[in-house]
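Residue numbers (the working numbering), protein chains in the order written: chain A, 25 to 205; chain B, 6 to 268.
Everything on this sheet refers to the single structure shown next.
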């Protein structure tokens with residue numbers, strides 16, 4: 025019985041490297057799993073240890089909007105990461121790493137993100153009459169939980185395509201994220 | 006969220022301002038905007054009317070104040086542009102550009118709350134000036150510093166912005182929520198970008214050099230705030246003072262350590 029239990033634990037840790045990484049950086053995976061969406065430091069996978077973690081400047085703004093929309097969303101400090109903030113004075117948006125852990129939160133997440141990007145784009149660019157060399161780029165890594173595992177994709181591109189991509193992912197009938205465990 | 010009961014005559018004031026700019030009476034246009042700013046300050050401070058203004062009244066006054074400051078800047082831009090040979094000196098171009106960026110940011114913010122043909126016309130004027138500058142110097146390149154800071158403070162409550170409920174750009178009892186960077190931990194790099202967060206940090210042809218990094222005397226950071234004509238909130242002022250004195254303490258401690266090591 026004991027051997028079986030060990031195998032199960034091993035299988036779980038192999039299948040969930042994100043949980044192993046959370047533990048490695050000093051966060052509690054159980055605390056993370058309580059949320060529908062978790063915003064994490066942008067160099068979550070690259071940092072050598074917890075002291076090297078950095079939070080993107082826009083992470084908190086997006087997380088606050090998600091909370092306002094009624095989504096149970098955690099910011100890095102709420103899951104145990106006390107990180108400094110990296111500020112880039114560019115019109116590009118750096119949103120860090122976002123995990124969608126509950127499929128119910130995916131459609132409102134897309135709605136909030138879409139509204140936020142539109143507002144941000146309009147206020148950044150002002151009047152349409154102005155020349156705009158190129159639209160600002162959105163840099164975000166989104167992890168979607170499916171069948172207990174986290175599939176992650178990194179996106180560096182324009183806001184419109186990101187919203188379309190996410191809408192496709194969260195439409196009913198698509199291979200949408202699920203609430204695991 | 007926003008009340009303009011204190012500014013019932015706003016449309017008439019805007020029309021008067023617009024007429025002054027059309028007749029190129031820029032000093033008169035600036036005076037009209039200044040009068041509006043004085044009224045806004047009085048509402049925000051609570052000294053305008055007998056019953057104390059509500060939070061919504063104060064929010065309305067902040068938006069009108071930002072608008073008035075934008076209109077003042079607009080008049081500045083047109084005044085600079087109307088001077089003969091305004092494109093002749095780098096100083097004149099840079100001054101026009103700064104005024105243009107400030108006025109554009111303020112008008113864009115105000116237009117999210119207020120609608121009036123004057124505002125659309127003013128915004129079009131600014132776009133024309135920008136297009137004129139771009140046609141002379143191209144769309145431009147900008148510097149964009151990348152920094153790591155300890156945190157952002159909220160301008161409304163003075164707390165770490167990640168921990169408070171206030172949203173950037175929204176108005177709370179007459180205070181516009183902005184993130185104020187505190188304690189620079191390190192500067193990572195200075196990037197050159199086509200689409201900047203702050204267009205004031207533009208690299209002009211006269212800033213270019215043959216030696217690395219390829220430019221000099223370029224503005225890296227600005228302290229622009231939409232509502233910087235109002236006093237800072239007392240809480241934030243206190244917090245910033247604390248942050249500064251903490252930084253001073255750390256600096257003097259490390260100096261003492263270096264001195265001791267040297268001895």
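Ideal Cβ placement from N, Cα and C applies to all residues, glycine included.
A straight-line Cα-Cα distance of about 5 Å links residue 157/B and residue 184/B. Chain-ordered listing is empty here: chain B has no CB closer than 7 Å to the CB of residue 136/A, the nearest sitting near 12 Å.
Ranking 73/B, 226/B, 210/B and 76/B by CA distance to the CA of residue 204/B puts 226/B first. From the beta-carbon of residue 172/B, the residues of chain A found nearer than 9 Å are 85, 88, 89 and 92.
Listed in chain order, the non-local C-beta contacts of residue 128/B below 8 Å within the same chain comprise 109, 112, 113 and 116, local neighbours out to five positions each way being set aside. If you look at residue 180/A, you'll find it in the beta strand (DSSP E) that goes 173 to 182. Contacts between residue 167/B and chain A, judged by CB atoms closer than 7 Å, involve 84, 99 and 101 in chain order. For residue 70/A, no Cβ of chain B is located within less than 9 Å of the residue's own Cβ. The alpha-carbon separation between residue 197/B and residue 143/B amounts to approximately 15 Å. At least one C-beta of chain A is nearer than 9 Å to the C-beta of residue 206/B.
Across the structure, residue 50/A and residue 153/B are spaced so that their CA atoms are roughly 22 Å apart. Taking residue 133/A as reference, the option from 78/A, 189/A and 103/A with the minimal CA-CA separation is 189/A.
Around the beta carbon of residue 73/B, 16 or more other beta carbons lie within 10 angstroms, which makes this residue buried. Neighbours of residue 155/B in chain A, taken as residues at a C-beta separation under 7 Å, are given in chain order as 108. Here residue 97/A carries a strand assignment [DSSP, helix/strand/coil]. Nearest Cα to residue 132/B within the set 194/B, 211/B, 82/B and 6/B: 82/B. A distance of 9 Å or more separates the beta carbons of residue 67/B and residue 43/B. Between the alpha carbons of residue 119/A and residue 181/B lies a gap of roughly 23 Å. With a threshold of 16 other beta carbon atoms within 10 Å, residue 95/A meets it and is buried.
Leaving aside the five residues that flank residue 70/B on each side, the residues in its chain whose CB is nearer than 8 Å to its CB run, in chain order, 41, 42, 45, 46, 49, 232, 234 and 235. Taking the CA atoms as reference points, residue 135/A sits about 45 Å from residue 31/B.
Non-local C-beta neighbours of residue 101/B in its own chain, meaning closer than 8 Å and more than five positions away in sequence, comprise 82, 85, 86, 91, 134 and 138, ordered along the chain. Contacts with chain B (Cβ-Cβ distance below 8 Å) from the region 110 to 128 of chain A involve 110, 111, 112, 113, 114, 115 and 116, listed in chain order. Against residue 160/A, the close residues of chain B are 200, in the order they occur along the chain (beta-carbon pairs closer than 8 Å).
Residue-level contact by beta carbon fails for residue 119/B and chain A, as no gap is shorter than 9 Å. In the three-state DSSP reduction, residue 195/B falls in the strand class (E or B). Beta-carbon to beta-carbon, residue 78/A and residue 65/A are separated by about 6 Å, close enough to satisfy the 8 Å threshold. At least one CB atom of chain A sits nearer than 9 Å to the CB of residue 152/B. Put simply, the CB of residue 49/A is far from chain B, with every gap to its CB atoms at 9 Å or more. Here residue 77/B is buried: its Cβ has 16 or more other Cβ atoms, across all protein chains shown, within 10 Å. Straight across, the Cα-Cα distance linking residue 126/B with residue 23/B is about 9 Å.
The three-state reading of DSSP puts residue 112/B in helix, counting H, G and I together. Residue 186/B has a beta carbon lying within less than 9 Å of a beta carbon in chain A. Fully contained in the region 72 to 109 of chain B is no alpha helix (DSSP H) run of length 4 or more.
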